[in-house]
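In our numbering, the protein residues as written are 52 to 341.
Since the structure comes first, as structure tokens, the remarks are kept for the end.
Okay, structure coming up:
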């Protein structure tokens, strides 16, 4: 079952007088590109969180964010009142000397250095256990999101692969007609330029067979059908096979291109163009598969 690399997961919880929110976002990327936006108190556990996310999500451009809201009366910020009063006195004297007055002394004072200070806190094991559990919940929700998106992609891929196989099945009638058309055209040119009485029928048949072998598309049809069936087989695997599906899509493209170069017939070229269109729709989405 394939999974999308696009996803979102969220988990919330309470601990130590704090409301915690953990969010995980992921987009498509060839490798794992993980960034963290976490409060300073959790920095010591950054490696642990990176390990949890990387093992669970595999690939993608992933952003882990942790938001902390302190419950009323449990703020870690402290006000240095004496320093604020000292700043106020100096600002008042300066304003008097300049004959000016700030519109809001309080707002200005709160911005002054060291008036508001955050107390350095130690991360307790109980709080870390809660954070760890929330990260795991967010990962689970993101994985569920990826699976839902993957199911939608699976349906799209199967639809386009079946369309390619259906178009491939329409090649046979045109291929038979093409051989007869080529035979008649070559024979006509020879008769016009060499003359029917000078035409060596045995040599003509040999050259015709050699020419038609170069335009024969039997191998391309067999390989194209095999690649399409292998693509479906990879969709049915229990683990998402994004990279392998990308490689198979490249091989499908090669066979379609070769088929087009050998077509030498307008109706066949139309079928090839339609196959390419279906394949491009697959390629548009394949980069988003885990």
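No residue lacks a Cβ here, since even glycine has one placed at the ideal position from N, Cα and C.
In this structure, residue 218 keeps its C-beta atom at 9 angstroms or more from the C-beta atom of residue 268. Take residue 61, set aside five residues on each side of it, and the residues of its chain with a beta-carbon closer than 8 angstroms to its own are 72, 73, 74, 75, 189, 192, in chain order. Under the three-state reduction of DSSP, residue 60 is assigned to strand. Out of 146, 207, 157, 120, the CA that lies nearest to the CA of residue 132 is found in 157. Annotation for residue 133: the continuous alpha helix (DSSP H) segment containing it runs 132 to 149. Inter-residue distance for residue 104 and residue 201 is about 19 angstroms (C-alpha atoms, whole angstroms).
If you draw a straight line from the Cα of residue 303 to the Cα of residue 274, it comes to about 8 angstroms. The alpha carbon of residue 136 has as its nearest neighbour, out of 184, 323, 161, 101, the alpha carbon of 161. In the DSSP assignment, residue 267 falls outside any beta strand (DSSP E) and carries neither an H nor an E. Here residue 315 has 229, 233, 266 as same chain residues with Cβ atoms under 8 angstroms from its own Cβ, once five neighbours each way along the sequence are excluded.
Take residue 333, set aside five residues on each side of it, and the residues of its chain with a beta-carbon closer than 7 angstroms to its own are 208, 211, 300, in chain order. Of the residues assessed, residue 129 falls on the exposed side of the cut-off, its CB having fewer than 16 other CB atoms within 10 angstroms. One thing to note: residue 186 has its Cβ no nearer than 9 angstroms to the Cβ of residue 66. Cβ-Cβ distances below 8 angstroms link residue 225 to 316, 318, 319, 322 in the same chain, with the five nearest sequence neighbours on each side left out; the list follows chain order. Counting only runs of 4+ residues, the alpha helix (DSSP H) found wholly inside the region 56 to 125 occupies 97 to 108, in chain order. One alpha carbon belongs to residue 204, the other to residue 336, and they sit about 7 angstroms apart. In the three-state reduction of the DSSP assignment, residue 273 falls in the helix class, which pools H, G and I.
Cβ neighbours of residue 286 within its own chain (closer than 7 angstroms, five residues either side excluded): 53, 205, 208, 209.
In this structure, residue 88 lies away from residue 341, with their beta-carbon atoms at least 9 angstroms apart. Rounded to the nearest angstrom, the gap between the Cα atoms of residue 78 and residue 197 is 10 angstroms. When secondary structure is reduced to three states using DSSP, residue 166 falls in the coil class, being assigned neither helix nor strand. Residue 52: not part of any alpha helix (DSSP H); DSSP gives it neither H nor E. With respect to the 9 angstroms criterion, residue 108 and residue 194 are classified as neighbours on the basis of their beta carbons. The Cβ atoms of residue 56 and residue 215 do not sit closer than 9 angstroms to each other. Boundaries of the alpha helix (DSSP H) around residue 176: 176 to 220.
Taking residue 122 as the centre and dropping the five residues before and after it, the same chain places the C-beta of 68 closer than 6 angstroms to its C-beta, in chain order.
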